[in-house]
Amino acid sequence: MAVAAARRLFSFHLHARPLAAGVAVATPHRRGKHDAVSCKATGKTKPKPKPKSKAKAVKGGERQQRRALEEHLKRRTRSAASFDADLYGRRAHEHHVPVLLGEVLAAFRRPRPLRSFVDCTLGAAGHSLAMMEAHPELELYIGMDVDPSALEIGRGHIETFLAGREREANGREEDVLQETLRAYTHVKNFKYIKQVLGSVDESLAVGSSGVDGILIDLGMSSMQVNRSNRGFSVLQDGPLDMRMDPKATLRAEDILNSWPEIELGRILREYGEESNWQSVQKQIVKARATGGLHSTGDLVKLIQRMCSISSGRQGWIKTATRVFQALRIAVNDELRVLEDSLHSCFDCLATGGRLAVISFHSLEDRIVKKTFLELIHGGEADDEEDDKDDLALTDIVNEDEPWFGQRVQGRNGTVLTKRPITPSQEEEKLNQRCRSAKLRVIQKN
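Residues are numbered in the working numbering as their position in the sequence shown, beginning at 1, plus a constant of 106.
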């Protein structure tokens, strides 16, 4: 009876007739000559759906192929390390969720005790705290971040952690982390790593000793994205800033309103990898004639207007994300800084020391992959003899660390990750923002 009543109620509302603007009245369920009836009752054939255009069909097929390829590549690179949900839960908090945390810890377990470690992108200190917890033998820790507000949060977490360890020790001789660990934090871009190490100990900067481990996490922290005044988010209105270093002079607003049109197009094409870069470029230049763009909301509205209605919300968000990425890279000169810094970091490693880099888009990952190969071959990775040697050595898998997969050996070091390590499915379910993360690790001979 309840089902029948529900059907009658549904039918009653289905035949509502409009009387005036904003007013409707329901009429009893009675079939009139103009009422809709089923095709089965009338014997009429159901009208065929409008066929998709050839262009839409091709586009849909390409999208499916791209997704299938992405999933295939993901399966090849997904982390083989076991996912530690407890560790993940302890280090995840409101400011930031550390990505590939278990994999980073595993990367620094061998081949030597970790007595010195540098976190080049401290942020909320999620990775750093886990490293301190996993390595009680750690004697020297240095945390760096170009963003002073991020560094302040990270430094507070480290101080709290060390104070807690000191209280737990209660005078026990076996827990001397607080007494033996020298911890420093610096508001510096990681391109200045040699300068920072030299200020702590000159021998670390000149290569006579070096450090055992260095980590670079190139991802944006949640605390940066979620603050509208930083200008990083496409979903929040704020100033067109995008500076990691508040002391820097160049802002995204300057690029949009004053850079030459050809240079604007170049960064949209190269840094944003935006296929529709010419249309975006023209609309931005056109906006200059009416006062320019002065907030992230202005830029987002411009992109929404130029994106076709059929592309929907995801269409304009993807375009906006690529445009914001291009501007952020240009404002902070991220790609050139990354390439130069990889060389500096490798120079600062001790023999057997490791450098781990987490990247989040293809531009960064290509630079890391290419630079790592140059570093292990002394800048001569293209030599024919080196190529032959590589072919013989790329299939080697370290039995002690099989989760790394294949590696590439060179005269100056070893790339431990021939293919990058990507997050496990368990981690992706808990943190959607980690989906594009890739970890590469290099070891110095």
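Ideal Cβ positions, reconstructed from N, Cα and C, are used throughout, including at glycine. Because the structure is a prediction, the values reported are computed rather than measured.
- [ ] Please list, in chain order, all residues of the same chain as asparagine 504 whose beta carbon is under 8 Å from its beta carbon, the five residues on each side excluded.
- [x] Excluding positions up to five away in sequence, the list reads Phe510, Arg513 and Leu522.
Open item on the list: Any contact between the stretch 384 to 403 and the stretch 356 to 376? By contact I mean 3 or more CB pairs, one from each, below 8 Å.
Closed with: Yes, the stretch 384 to 403 is in contact with the stretch 356 to 376.
Open item on the list: My output table needs one value for tyrosine 377: the three-state DSSP class, helix, strand or coil.
Closed with: coil
Task: Separation of methionine 329 from alanine 132, as counted between CA atoms - done: Reliability of the predicted coordinates at alanine 132 is poor, the pLDDT of 43 falling under 50, and the value obtained from them is presented with this limitation in mind. Distance between the alpha carbons of alanine 132 and methionine 329: 52 Å.
Task: 4 or more residues per run - each alpha helix (DSSP H) lying fully within the stretch 382 to 443 - done: 383 to 394, 402 to 412 and 418 to 438
Open item on the list: If the criterion is Cβ atoms closer than 7 Å, does the pair arginine 261 and threonine 291 meet it?
Closed with: yes
Open item on the list: Across the stretch 223 to 231 and the stretch 243 to 259, are there enough close Cβ pairs to call them in contact, namely three or more that are closer than 8 Å?
Closed with: yes
Open item on the list: Quick check on this structure: which residue in Pro217, His467 and Ser185 has the alpha carbon closest to the alpha carbon of aspartate 506?
Closed with: Pro217
Task: Contact belief for threonine 477 with leucine 448 at Cβ below 8 Å, rounded distance in angstroms - done: Their Cβ separation, rounded to whole angstroms, is 5 Å, which keeps threonine 477 and leucine 448 in contact under 8 Å.
TODO: Provide the residue(s) that pair with phenylalanine 223 in DSSP beta bridges, ordered along the chain.
DONE: Partner(s): Tyr247 and Gly319.
- [ ] Take alanine 256 and list the residues in its own chain whose beta-carbon comes closer than 8 Å to its own, dropping the five residues that flank it on each side.
- [x] Cβ-Cβ distances below 8 Å link alanine 256 to Leu228, Gly229, Ala230, Ser327, Met329 and Gln330 in the same chain, with the five nearest sequence neighbours on each side left out; the list follows chain order.
TODO: Would you kindly work out how many angstroms separate the C-alpha atoms of cysteine 454 and proline 366, rounded to a whole number?
DONE: 39 Å
Open item on the list: Beta-carbon within less than 6 Å of valine 293's beta-carbon, same chain only, minus the 5 sequence neighbours each way: which residues are those?
Closed with: Pro254 and Leu257
Task: Endpoints, alpha helix (DSSP H) assigned at histidine 91 - done: Because residue 91 is not part of the residues shown, which for the chain are 107 to 551, the question remains open.
Open item on the list: Let's see if you can read the secondary structure: which residues bound the beta strand (DSSP E) around alanine 289?
Closed with: 288 to 292
- [ ] Starting from alanine 212, follow the alpha helix (DSSP H) in both directions and report where the run begins and ends.
- [x] Going by DSSP, alanine 212 is part of the alpha helix (DSSP H) stretching over 207 to 213.
TODO: Specify, as a first and last residue, the run of the alpha helix (DSSP H) that leucine 461 falls within.
DONE: Element bounds for leucine 461: not the alpha helix (DSSP H) but the beta strand (DSSP E), 455 to 465.
Open item on the list: For threonine 427 and glutamate 369, I'd like the C-alpha separation in whole angstroms.
Closed with: 19 Å
- [ ] Classify threonine 528 as helix, strand or coil using the three-state DSSP reduction.
- [x] strand
TODO: Inspect the beta-carbon positions of leucine 324 and histidine 233 and report whether they are closer than 7 Å.
DONE: no
Open item on the list: Which same chain residues end up closer than 7 Å to lysine 475 when comparing Cβ atoms and leaving out the 5 residues on each side of it in sequence?
Closed with: Arg546
Open item on the list: Closest to arginine 541 by C-alpha separation, out of Gly208, Thr528 and Met238, would be which residue?
Closed with: Nearest option by C-alpha distance: Thr528.
Task: Environment of glutamate 265 [buried if 16+ CB atoms lie within 10 Å] - done: Exposed, because fewer than 16 other Cβ atoms sit within 10 Å of the Cβ of glutamate 265.
Task: Proximity to phenylalanine 296 [Cα-Cα], best of Ile548, Phe452, Phe338 and Pro345 - done: Restricting attention to Ile548, Phe452, Phe338 and Pro345, the CA atom closest to the CA of phenylalanine 296 is found in Phe452.
Open item on the list: Going by beta-carbon coordinates alone, are alanine 236 and leucine 268 separated by less than 7 Å?
Closed with: With respect to the 7 Å criterion, alanine 236 and leucine 268 are not classified as neighbours on the basis of their beta carbons.
Task: Residue range of the unbroken alpha helix (DSSP H) whose run includes leucine 362 - done: 358 to 364
Open item on the list: Within a Cβ cutoff of 7 Å, which residues of the same chain sit near alanine 436, ignoring the five residues on either side of it in sequence?
Closed with: Ile361, Ile373 and Tyr377
Task: Beta-carbon spacing of glycine 344, threonine 402 below 7 Å - done: In contact: glycine 344 and threonine 402 (Cβ atoms closer than 7 Å).
Open item on the list: Please state whether the Cβ-Cβ distance between arginine 394 and asparagine 363 is less than 7 Å.
Closed with: yes
Open item on the list: Could you tell me the alpha carbon to alpha carbon distance between histidine 202 and asparagine 537, rounded to whole angstroms?
Closed with: Answer to the nearest angstrom: the Cα atoms are 10 Å apart.
Task: Option in Lys535, Gln549, Thr425 and Asn551 with minimal Cα separation from valine 205 - done: Lys535
Open item on the list: Buried or exposed for histidine 140, going by 16 or more other Cβ atoms inside 10 Å?
Closed with: For histidine 140, the predicted structure reports a pLDDT of 46, less than 50, and the residue's modelled location is therefore unreliable. A value from the coordinates is still provided. Classification of histidine 140: exposed, given that the 10 Å Cβ count is below 16.
- [ ] List the DSSP bridge partners of valine 547.
- [x] For valine 547, the beta-bridge partners assigned by DSSP are Ala462.
Task: Under 7 Å between C-beta atoms of glycine 516 and isoleucine 548 - done: Contact annotation: glycine 516 and isoleucine 548 have beta-carbon atoms that are not nearer than 7 Å.
Open item on the list: Does threonine 457 pass the burial test, meaning 16 or more other C-beta atoms within 10 Å, or should it be called exposed?
Closed with: exposed
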